[in-house]
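According to mature numbering (1 follows the signal peptide of the UniProt record, and there is no 0), the stretch in the sequence shown is residues -20 to -1, 1 to 146, in order. Report on the structure given below.
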Amino acid sequence: MIKAVFSVLLVLMAISSTFAKYIPKTGKRVPQTLSRGWGDQLIWAQTYEEALFWSRSRNKPLVVLFHLEDCPHSQALKKMFSEDDQLQKILDEDFIVLNLVYETTDKHLSPDGQYVPRILFVDPSMTVRADINGRYANRLYAYEPSDITLLKSNMQKAKKLLKSEL
């Protein structure tokens, strides 16, 4: 008799734990995407190598964003970047996009040092466009939220592809 009651209790506990609802301890969790909040509707490359391949095969320039999650300047630029519909449309239609929270082994992507946030453009010929930079002399590829017009202008320059030698 005791074995039967114990067995029934054990089965009931197993069933109730199976149907229990999971409640996360830290509240609502947003899934991490490759956009990292810079534009969820954009198709982001996962690695620098993948981005170069897409850029070359689709004949579109590459935009590389270097940032840190805990940097206030990166966060301010991210907010402006993700909320500007015109900027997002240009990126979606005309560019391959990649954002990195770590440095790459390619030294061409840090021509004037490793700082964040910085935005570089890479031509489909795999040439870093060092001629397209921001307004600061000491951080050539840095942009601030107030530099949105300059960034859009630089994107138009980057769309004019370099001529590849035959």
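Every residue, glycine too, gets a C-beta built ideally from N, C-alpha and C. Quantities reported herein were computed from a predicted structural model and do not represent experimental measurements.
Under the DSSP assignment, F61 falls in the alpha helix (DSSP H) whose first and last residues are 52 to 63.
About 25 Å separates the beta carbons of V96 and F33, which is beyond the 8 Å limit, so they are not a contact pair. In the assembly as shown, S35 is a buried residue. Its beta-carbon has 16 or more other beta-carbons within 10 Å. Distance from the CA atom of L71 to the CA atom of A56, rounded to whole angstroms, is 19 Å. Nearest to M135 by alpha-carbon distance, out of K(-18), R109, M(-8), S15, is R109.
One Cα belongs to C51, the other to L141, and the distance between them is close to 32 Å.
With respect to G19, Q68 sits close: the two C-beta atoms are nearer than 8 Å.
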